[in-house]
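Residue numbers (the working numbering), protein chains in the order written: chain B, 6 to 293; chain V, 13 to 610.
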């Protein structure tokens, strides 16, 4: 194995890990800090992709479009929380069913508006050559974006007063309320933040994946597996699970086919859960 | 009135009547309608599988369509390869059902034996379904084939043979629409009947118990993981049957059933039909399919929008489901079983027999959470047929120690011996089967079941014989003084009575060792005094370990006491002696600085 091949494999593995992290982080924030399972998470990604697509079509710069995707889906999440989610706190299964219904409605609505066909955004930046291998510079962007998103989430939840209140609210809601924390408001902000991360993810992936109404379904299985395997630690758990699952998916795909890679991801996730039902971060001290 | 009417009204004959009506209907409708109706019944069968798993056993599965789809593909693979020579598709049908059951069992093994939470079960089944969607859609191209059967990717598998019942050399006739309809109705009827019988068996009651209170069921000695696995595999088999019949019905299969809208539909059938009603599964499927066929004509491509809207609307506005809302049929979650009451009317033996009391020992037990040792090298010996109390201030490690004995925690180090044999790493239900009866602090009973059914479940775990279990159960009710309330739902009992009922359930499983965690929590003084008598009575036939807070209760028990403090044994002896022990007084009065003169 030559050095250029090693570099190519490392970049490819890191790219898979980063993609998994990007698509899972919003879901992990909402589940970890609200105990709400957003089954429409995939559709939030899809909305982000369409937001970025629409923005670039009217001539907005691609990087600004991606950020706009995060902002617009964040606002959409805020509306969803007010109209739907807040009526269902504490009823996990009902929340799942309602967000599931929402996901069906969103897919159909977007199909009616944009049509069922695939739209593309050209991948910005060119490709990079290392020896006889080449890879897109955009995969480096994804790796940096994943790191940046992690840093931002970590900063928000440890360094801002909202973040501390949100963590208090999920650990002991009645105590948090007794201390004067408005848990309804922290929940609202958390959901909007998680939605915004999902939208940003959709925007980031739009140039590499075809933008179709069913875009969400392609990512939702992996993101749920990542969050469950990660366990309660939003940052530590999600990163570790992305590393294990993304890494093994990529390597198995590289040496066999993506078809087997998909199946391997599922099998590894399920076996890991059998061994560690609390998730990878279940017994770690730092729960973020 | 009379026999005819009684037969018509008996719950077991109702499906037969409906089935005959459905077959009769088949004589009056066109072939096209028959094919449509057959499809609705197939969807009803799929919904039945979810209602069994979710409505009856409380396991929420998003994955029934995965088993449906997998079985449909399996049927196609086997039928395409085998039926041209064998002239039948029975092997394909059986193979597909078996395959779906095995798939469900494998998934169930990882979920239930890993003890993942309910929500995770939902997500894992959903994710598995979606992964199957991705895997099957990426099988386009001739290189993906099993024998002569091409998987076909997104476009699906074609030329799947219809159902036929011939034999090699004499191929059966390909079934006409009328035959297909008849076969589907018969299969659905038989399956429904089999599910009813399963639920009426002893195992069916255990399933109800698992749904009502998983922890209590485990503490009674039932293997909850195994019960869930069996019911999940059965649900997979039924979904698989629906899938196999579907493939034979349409001669075609694509990955669509693995998609989110398809899995959502099954949940909607059950939600609308009324969860846990079984028959409602068919009603819901027929209602939704009829509606979407009608709507589909008016509003093409709007069906998904409507389905999603219904899902949100039902959850927000009528969480109980539509049909129970209209008919007021909700009633009790668990219907009374008249057959069981007849069995229970027998005379009872005066007391539970064959119990001697056995020895329990803990050696150098350590339990650390992170860096904190909640239990730090505790050794205690509970000799056979003795009563022993464990006390200590808050945070002393009493609950941790109790949970180690129960098996809810696994110790970091040390061993637990029962009659000299190690049980350190056994599951709670395995300990219960070896004769260790457990009562937790918060009353853990089946609130929706009658008092009598509660003790019956406890006794059945031990004797595995329904009439004998009933007799033992009634004997226990006499002993704990609840026989007059035998028919009341356990949730209607006062707090103190619920505690006695739970002690009664422990007794009914004829334990050798009884572990009680704060049996008098929340009791009035009179109730506490009666509990003293009850516990001393228990100690005459079994080893009893009581963890307690209430000093008066401990004093009245008049038994050896061990004081725990900061995870270690601080002192042992009779309570009267301990009251003169300076260390114990320090701990209880908070005089931490005595030694340094502070």
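Beta carbons are placed, not taken as given, at the ideal position from N, Cα and C, and that holds for glycine. Note that the structure is predicted; figures quoted are calculated from it, not measured.
Ranked by Cα distance from residue 273 of chain B, the options B/231, B/213, B/239, B/240 are led by B/231. Fully contained in the region 88-144 of chain B are the following beta strand (DSSP E) runs of length 3 or more, in chain order: 132-135, 138-141. Residue 217 of chain B is outside the set of residues whose beta carbon lies under 9 Å from a beta carbon in chain V. Each of V/253, V/480, V/412, V/137 was checked against the Cα of residue 53 of chain V, and the nearest Cα belongs to V/253.
At the C-beta level, residue 99 of chain V and residue 178 of chain V come within 9 Å of one another.
Burial is judged here by how many other beta carbons sit within 10 angstroms of a residue's own beta carbon; residue 137 of chain B has fewer than 16 and is exposed. Under the three-state reduction of DSSP output, residue 379 of chain V falls in the strand class.
Judged by beta-carbon spacing, residue 559 of chain V lies within the 9 Å limit of residue 414 of chain V, meaning their Cβ atoms are closer than that value. When only Cα atoms are considered, residue 389 of chain V and residue 126 of chain V end up about 29 Å apart. For the options B/126, B/204, B/286, B/261, the alpha carbon positioned closest to that of residue 83 of chain B is the one of B/204.
With a contact defined as Cβ atoms closer than 8 Å, residue 89 of chain B and residue 107 of chain B qualify at about 7 Å. Close partners of residue 271 of chain V in chain B (Cβ separation under 9 Å): 219, 222. In the structure shown, residue 264 of chain V adopts coil according to DSSP, grouped into three states.
Under the DSSP assignment, residue 394 of chain V falls in the beta strand (DSSP E) whose first and last residues are 384-394.
Residues of chain V whose Cβ lies closer than 8 Å to the Cβ of residue 247 of chain B do not exist, since the nearest Cβ in that chain is about 15 Å away. Taking 9 Å as the cut-off between beta carbons, the residues of the region 122-142 of chain V near chain B are 122, 123, 125, 126, 127, 128, 129, 130, 131, 132, 134, 135, 136, 138, 139, 140, 141, 142, in sequence order. About 7 Å separates the Cβ atoms of residue 40 of chain B and residue 175 of chain B, confirming a contact at the 8 Å cut-off. Where residue 410 of chain V is concerned, the enclosing alpha helix (DSSP H) starts and stops at 410-418. Only exposed fits residue 130 of chain V, as fewer than 16 other CB atoms lie within 10 angstroms of its CB. As for any beta strand (DSSP E) of minimum length 3 sitting wholly inside the region 198-277 of chain V, there is none.
When C-beta atoms of the region 187-197 of chain B are compared with those of the region 242-249 of chain B, fewer than three pairs fall below 8 Å, so the two segments do not count as touching. The beta carbon of residue 176 of chain B does not come within 9 Å of any beta carbon belonging to chain V, so the residue lies off that interface. Residue environment analysis places residue 41 of chain V among the exposed positions, since fewer than 16 neighbouring C-beta atoms fall within 10 angstroms of its C-beta. As a beta-bridge residue in DSSP terms, residue 100 of chain V pairs with V/177. The alpha helix (DSSP H) runs of length 4 or more contained entirely in the region 464-502 of chain V are, from start to end of the chain, 478-492. Secondary structure note for residue 190 of chain B: it is in no beta strand (DSSP E), and the uninterrupted alpha helix (DSSP H) holding it is 188-210.
Contact annotation: residue 169 of chain V and residue 92 of chain V have beta-carbon atoms nearer than 9 Å. Around residue 142 of chain B, no beta-carbon contact reaches into chain V at under 9 Å, the shortest distance being about 27 Å. Under the criterion of beta carbons closer than 8 Å, residue 585 of chain V and residue 573 of chain V qualify as touching, at roughly 7 Å. Taking residue 590 of chain V as the centre and dropping the five residues before and after it, the same chain places the C-beta of 573, 575, 583, 596 closer than 7 Å to its C-beta, in chain order. Note on residue 239 of chain V: 16 or more other CB atoms within 10 angstroms of its CB, so buried under the neighbour-count rule. The CB of residue 72 of chain V comes closer than 9 Å to the CB of 98, 101 in chain B, given here in chain order. About 26 Å separates the beta carbon of residue 277 of chain B from that of residue 209 of chain B, a gap too long to meet the 8 Å contact definition. With respect to residue 220 of chain V, residue 211 of chain V sits close: the two C-beta atoms are nearer than 9 Å. Residue V/136 holds the alpha-carbon nearest to the alpha-carbon of residue 282 of chain B among V/136, V/330, V/297.
Contacts between residue 91 of chain B and chain V, judged by CB atoms closer than 7 Å, are missing: the closest CB pair is about 11 Å apart.
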